[in-house]
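So in this note's numbering, the last spot in the sequence shown is 634, and the numbers never skip. Ideal placement from N, C-alpha and C gives every residue a C-beta, glycine not left out. These notes are about the structure you will find just below.
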Amino acid sequence: MRYFDPRIEEMPPEDIRKLQYRLLKTLVYRLYSFSPFYHDRMRETGVHPDDIQSLEDIRKLPYMYKSDLRDNYPDKIFVATQDDLVRYHVSSGTTGKPTVVGYTRNDLENWTVSLARGLVSCGIGRGDVLQVSYGYGLFTGGLGLHYGAERVGATVLPTSVGNTERQIELMQDLHTTAIACTPSYLLHMGEVAEKMGVSIRDDTDLRTGILGAEPWSDAMKARMEEWLGIRAYDIYGTSELSGPMFCECTAQNGFHVWGDLAYIEIQDPKTGDPLGAGEKGEMVVTMLQKEALPMIRFRIGDISSVDDTVCSCGRTHPRVMRISGRVDDMLIIRGINVFPCQTEYPLNTIPEVGQHFMIEVDRKGALDDMLVKVEVTKEAFSDRITDLMAIRKKVEHRLRNALNVAVDVELVEPGSLPRFEGKAKRVIDRRKL
Ligand code: DLL
Numbered sequence: 202m203r204y205f206d207p208r209i210e211e212m213p214p215e216d217i218r219k220l221q222y223r224l225l226k227t228l229v230y231r232l233y234s235f236s237p238f239y240h241d242r243m244r245e246t247g248v249h250p251d252d253i254q255s256l257e258d259i260r261k262l263p264y265m266y267k268s269d270l271r272d273n274y275p276d277k278i279f280v281a282t283q284d285d286l287v288r289y290h291v292s293s294g295t296t297g298k299p300t301v302v303g304y305t306r307n308d309l310e311n312w313t314v315s316l317a318r319g320l321v322s323c324g325i326g327r328g329d330v331l332q333v334s335y336g337y338g339l340f341t342g343g344l345g346l347h348y349g350a351e352r353v354g355a356t357v358l359p360t361s362v363g364n365t366e367r368q369i370e371l372m373q374d375l376h377t378t379a380i381a382c383t384p385s386y387l388l389h390m391g392e393v394a395e396k397m398g399v400s401i402r403d404d405t406d407l408r409t410g411i412l413g414a415e416p417w418s419d420a421m422k423a424r425m426e427e428w429l430g431i432r433a434y435d436i437y438g439t440s441e442l443s444g445p446m447f448c449e450c451t452a453q454n455g456f457h458v459w460g461d462l463a464y465i466e467i468q469d470p471k472t473g474d475p476l477g478a479g480e481k482g483e484m485v486v487t488m489l490q491k492e493a494l495p496m497i498r499f500r501i502g503d504i505s506s507v508d509d510t511v512c513s514c515g516r517t518h519p520r521v522m523r524i525s526g527r528v529d530d531m532l533i534i535r536g537i538n539v540f541p542c543q544t545e546y547p548l549n550t551i552p553e554v555g556q557h558f559m560i561e562v563d564r565k566g567a568l569d570d571m572l573v574k575v576e577v578t579k580e581a582f583s584d585r586i587t588d589l590m591a592i593r594k595k596v597e598h599r600l601r602n603a604l605n606v607a608v609d610v611e612l613v614e615p616g617s618l619p620r621f622e623g624k625a626k627r628v629i630d631r632r633k634l
């Protein structure tokens, strides 16, 4: 199957924009009338639904922030009665109260359809066995992928996270062809498989990875594809948008954001000025059809750029490039802005080091001090101090070029840094403790 829904996926861009405008108008009137939260926000901003006369007028509407969800915990922003709610998910909230997302039946349907389109776009369908190794439960990854994969006719193997050896046995016994998990969990799986004497590349049928929920780089993708013998596709979403929503197609050049479901703005994070196609900035997302927890101009905080030209796969919906950081993840090291995920790319270009790293930030006297702990590969790990020093120098040099700031590097034994089953946590900032 080439498309899940060609009528939508190949819709001419002008028609997508017309549809978006119609959906926006309806959404704004509905929320002005039925949502006390949005009604008050619009009044405070001095905007009335009648002021929305074009798609660009979306910029007149007020923003929504993650803190709005926390401040209105658990469900004060919901625009659905209990009778209409069919599911909750709860995001873990590492920095405060968790946030709760409610879904109506239509919300679940749109979420499933969005993923069904994405899965077909990267070649998944009947005959595939998709191992879903995202967490099932309050996290959106497991159930989201599960329903999307069933919709396209794939066979789902709902392993969730953990029990990695068993996952690898099942992968072999049930002939898994595709896996959905975080990139860091797939790395961990590859290592555990090798310890079990299994090469994922040669001893399994795995050919596709649907990887996301955390930042990863093109270099890491290239390395995993080569090592594991797969094609690795980026998948993106957040709990507030429903969960995993948008997936890369076989062109592997950004994930398609379905215009009938979402409208994306890219803006300067400081001034809020709109940025053009190809310019990197903060993503602001409006979900055009969400019912229970509507999202207008949600400032997600992720940084990327948009390509709105028609994709070589034939799909007309804009593509968002790989996320290059989060506005609030930025570390300021001696006045220089550093995004932790900028570290990954240079490391992945050095064959002597593995793919695992940990950043530790401290303040020594008045100065910030950034230490990057990097695992050396088994092959490069040696007793010769001069060899290790040469590798360390190389890593320091590459990192300094990429980050524009000098960092200390400590080489550590293969397998000694923490491994992650869910999202990786690679930064310890002791300045905040
Ligand atoms: O991580 C939803 C998800 C599940 C996406 C499975 C993909 C696959 P949250 O837990 O709410 O939801 O976290 C959302 O994770 O704002 C990004 O900062 C980050 N993130 C998600 N996908 C990617 C990705 C899920 N492909 C937050 N690349 C987002 C980079 C990602 N960061």
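Residues that N538 bridges to, as DSSP identifies them: I533
With three or more C-beta pairs closer than 8 Å as the rule, is the segment 626 to 633 touching the segment 532 to 547? These segments touch.
Here's the rule: buried if 16 or more other CB atoms are within 10 angstroms of the residue's CB, otherwise exposed. What is D435? buried
Which same chain residues, not among the five before or five after D609, have their C-beta less than 6 Å away from its C-beta? L572
Check whether the Cβ atoms of T356 and V330 lie closer than 8 Å to each other. Going by C-beta atoms, T356 is nearer than 8 Å to V330.
When the Cα atoms are used, what is the spatial distance from L604 to S418? 15 Å
What are the start and end residues of each continuous beta strand (DSSP E) run of 3 or more residues lying completely inside the segment 274 to 314, in chain order? 288 to 292 and 300 to 304
Beta strand (DSSP E) containing A433: first to last residue? R432 to T439
Go ahead and pull the three-state DSSP assignment for P445. strand
When you compare the segment 482 to 491 with the segment 267 to 277, are there three or more beta-carbon pairs, one atom per stretch, that lie closer than 8 Å? Fewer than three Cβ pairs drawn from the segment 482 to 491 and the segment 267 to 277 lie within less than 8 Å of each other, which leaves the two stretches out of contact.
Have a look at the DSSP bridge pairing and note the partners of E611. K574.
Supposed contact pair R367 and E210 - C-beta distance, whole angstroms, cut 8 Å: With a Cβ gap of about 37 Å, E210 and R367 do not count as contacting.
Reduced DSSP secondary structure (H/G/I, E/B, other) of Y464: strand
Should I380 be listed as close to ligand 1, given that the test is whether its C-beta is under 7 Å from any heavy atom? No - ligand 1 has no heavy atom lying nearer than 7 Å to the Cβ of I380.
To the nearest angstrom, report how far apart L220 and E257 are at their CA atoms. 13 Å
Alpha carbon to alpha carbon, how far is V393 from G515? 39 Å
What's the gap between the Cα of G343 and the Cα of A567? 45 Å
Does the distance between the C-beta of R498 and the nearest non-hydrogen atom of ligand 1 fall short of 7 Å? no
Cβ-based burial, K267 [other Cβ within 10 Å; buried from 16]: buried
Pull up the DSSP beta-bridge partners for M265, would you. M265 is bridged by DSSP to F499.
I'd like to know if the segment 235 to 250 and the segment 469 to 481 are in contact, where contact means that at least 3 CB-CB pairs between them fall below 8 Å. no
For Q254, does the count of other Cβ atoms within 10 angstroms reach 16, so buried, or fall short, so exposed? Exposed, since its Cβ has fewer than 16 Cβ neighbours within 10 Å.
Please classify M446: is it buried, with 16 or more other beta-carbons within 10 angstroms of its beta-carbon, or exposed? buried
At a cut-off of 7 Å, is Y437 close to ligand 1 when judged by its beta-carbon and the heavy atoms of the ligand? The answer is yes for Y437.
Expressed to the nearest angstrom, what Euclidean distance is found between the alpha-carbon atoms of G338 and C448? 21 Å
Using a Cβ-based criterion (distance less than 7 Å to any ligand heavy atom), does R288 qualify as near ligand 1? no
Separation of M265 from L232, as counted between CA atoms: 13 Å
Buried or exposed, going by whether 16 or more other CB atoms sit within 10 Å of the CB of Q556? buried
Pull up the DSSP beta-bridge partners for I253, would you. DSSP output for I253 lists no bridge partner at all.
Once DSSP output is grouped into helix, strand and coil, what is the label at D406? Reduced to three states, the DSSP call for D406 is coil.
Complete runs of the beta strand (DSSP E) confined to the segment 315 to 398 [at least 3 residues]: 330 to 333, 356 to 358 and 379 to 382
I need the DSSP call for R203, collapsed to helix, strand or coil. coil
Identify, in the order they occur along the chain, each residue of the same chain with its Cβ nearer than 7 Å to the Cβ of L612, setting aside the five sequence neighbours on each side. V575, V577, L589, I592 and R593
Since I592 sits in a beta bridge, which residues does DSSP pair it with? Note: I592 sits in no beta bridge, so no partner.
Which same chain residues end up closer than 6 Å to Y437 when comparing Cβ atoms and leaving out the 5 residues on each side of it in sequence? G413, F447 and F456
Please indicate yes or no: does the CB of P619 lie closer than 7 Å to some heavy atom of ligand 2? Within the structure as shown, ligand 2 is missing, the only ligands being ligand 1.
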